[in-house]
Ligand code: NCD
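Numbering (the numbering used here), first residue to last: 48 to 364.
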């Protein structure tokens, strides 16, 4: 994507719309900033003055559990006023456009919008129409991008495996085709110089070569998982079953589920990751999801620190 919209001329972030093409130095700066936020992410008032008087609005045109809640908490830890705009009961239902909604809230003094939308490019389009001083964060648009999820996944990897991504083999498995998380993770892993990136899923749930650039592609999960340092499992988007893309849940688990036996083929200290929401017994065994190698809840926890860091970078530079 073009960076004219999301970067200032001097390279600082103006909006966070996508990780595509962002330099490693910028990603590392955001990850370092998040690490500094970790001690303050879950409790305390130490940073309550940092962004006091500034206002964040969550504008979610699609459902969310983790992303929206963690943005709310992140903003509150930084002392911001938080407005959770409820699309379902708003004039959007009367046909008001997303841009008119944003401008209306801008007129009330919102500084930063966190936006999720079902359409690819919808958040960038809003950023293009927003006032000069307004900031936007993409909290997931269509299949395209979920940059803060990509960053929090990198933070989780870095905390446990060190800063040198060139030593790592990371597998992303499941429905990559429809996953914005997969795209953002792939962009971040490439930028940070991950040694080997593997992907695995049913042929009809893998995206095109442009998305999988530089990846080793596997159709056999047993081979894909062998020796990996981390397995990022993706939700089987059950809504795809209606399209006939997935014949049966049992068959999917048999061929592409992360079972205890499969996990035993990975490196002994391999991390099990999942952005949530999980389908237990479909893409991941429940025991594996709750097991000692799982960092699924650590990812969620890191979401608060990572989002504090991104908010801070956008509003304080
Ligand atoms: C995902 C999303 O909405 O992109 N969840 C998340 O934000 N952690 C993934 C999904 O819905 O499968």
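Ideal Cβ placement from N, Cα and C applies to all residues, glycine included.
(request) Per DSSP, which residues does residue 102 bridge with? Please list them. (result) 128
(request) Could you please give the first and the last residue of the uninterrupted alpha helix (DSSP H) stretch that includes residue 172? (result) 169 to 176
(request) Check residue 51 in the structure and name its three-state DSSP category. (result) coil
(message) With distance defined between alpha-carbon atoms, name the residue in 285, 282, 284 and 237 nearest to residue 263.
(response) 237
(request) Find the nearest neighbour of residue 220 within the set 331, 58 and 312, judged by alpha-carbon distance. (result) 331
(message) Please report the distance separating the alpha-carbon of residue 107 from that of residue 344.
(response) 23 Å
(message) If distances are taken between C-alpha atoms only, which option among 335, 88, 57 and 252 comes closest to residue 357?
(response) 88
(message) I'd like to check one pair, residue 65 with residue 194: are the Cβ atoms closer than 9 Å?
(response) yes
(message) Counting C-beta neighbours from all protein chains within 10 Å, is the total for residue 155 16 or more, i.e. buried, or is it exposed?
(response) exposed
(message) Assess contact between the region 263 to 280 and the region 231 to 249, defined as three or more Cβ pairs (one per stretch) separated by less than 8 Å. Is contact present?
(response) yes
(request) Taking 8 Å as the threshold, find out whether the region 126 to 143 comes into contact with the region 171 to 180 through three or more Cβ pairs. (result) no
(request) Determine the direct distance from the alpha carbon of residue 222 to that of residue 189, and round the result to whole angstroms. (result) 14 Å
(request) Spatial neighbours of residue 199 within its chain, please: CB distance less than 7 Å, with the 5 preceding and 5 following residues excluded, ordered by chain position. (result) 346, 349, 350 and 353
(message) Can you tell me whether residue 273 is helix, strand or coil according to DSSP?
(response) coil
(message) Could you give the first and the last residue of the continuous beta strand (DSSP E) run that contains residue 220?
(response) 216 to 220
(request) Name, in chain order, the residues that DSSP records as bridge partners for residue 188. (result) 164 and 192
(request) Starting from residue 264, trace the beta strand (DSSP E) both ways and give me its first and last residue. (result) 263 to 265
(message) At the level of alpha carbons, what is the spacing between residue 292 and residue 364?
(response) 44 Å
(request) Report the partner residues of residue 279 according to the DSSP bridge assignment. (result) 219 and 320
(message) Less than 9 Å between the beta carbons of residue 161 and residue 105, yes or no?
(response) yes
(message) Within the continuous beta strand (DSSP E) that includes residue 357, where are the two ends?
(response) Looking at the DSSP string, residue 357 is not in any beta strand (DSSP E); the run it does join, the alpha helix (DSSP H), is 343 to 363.
(request) Quick one: give me the first and last residue of the beta strand (DSSP E) that residue 210 is part of. (result) Unbroken run through residue 210: none, as it is neither H nor E.
(message) If you follow the beta strand (DSSP E) that residue 243 is in, where does it begin and where does it stop?
(response) 243 to 247
(message) For the alpha helix (DSSP H) containing residue 234, name the first residue and the last one.
(response) 227 to 238
(request) Can you say whether residue 249 is buried or exposed, counting buried as having 16 or more other CB atoms within 10 angstroms of its CB? (result) buried
(request) Please work out which residues of its chain come closer than 6 Å, Cβ to Cβ, to residue 102, disregarding the five sequence neighbours upstream and downstream, and give them in chain order. (result) 128, 156, 157 and 158
(message) Strictly by DSSP, which residues pair up with residue 159?
(response) 103 and 182
(request) Report back the beta-carbon spacing between residue 362 and residue 182 to the nearest angstrom; my notes put them in contact at under 8 Å. (result) 7 Å
(message) Between 277, 224 and 342, which has its C-alpha nearest residue 257's C-alpha?
(response) 224
(message) Can you tell me where the alpha helix (DSSP H) holding residue 97 begins and where it ends?
(response) Note, residue 97: premise wrong, no alpha helix (DSSP H); not H, not E.
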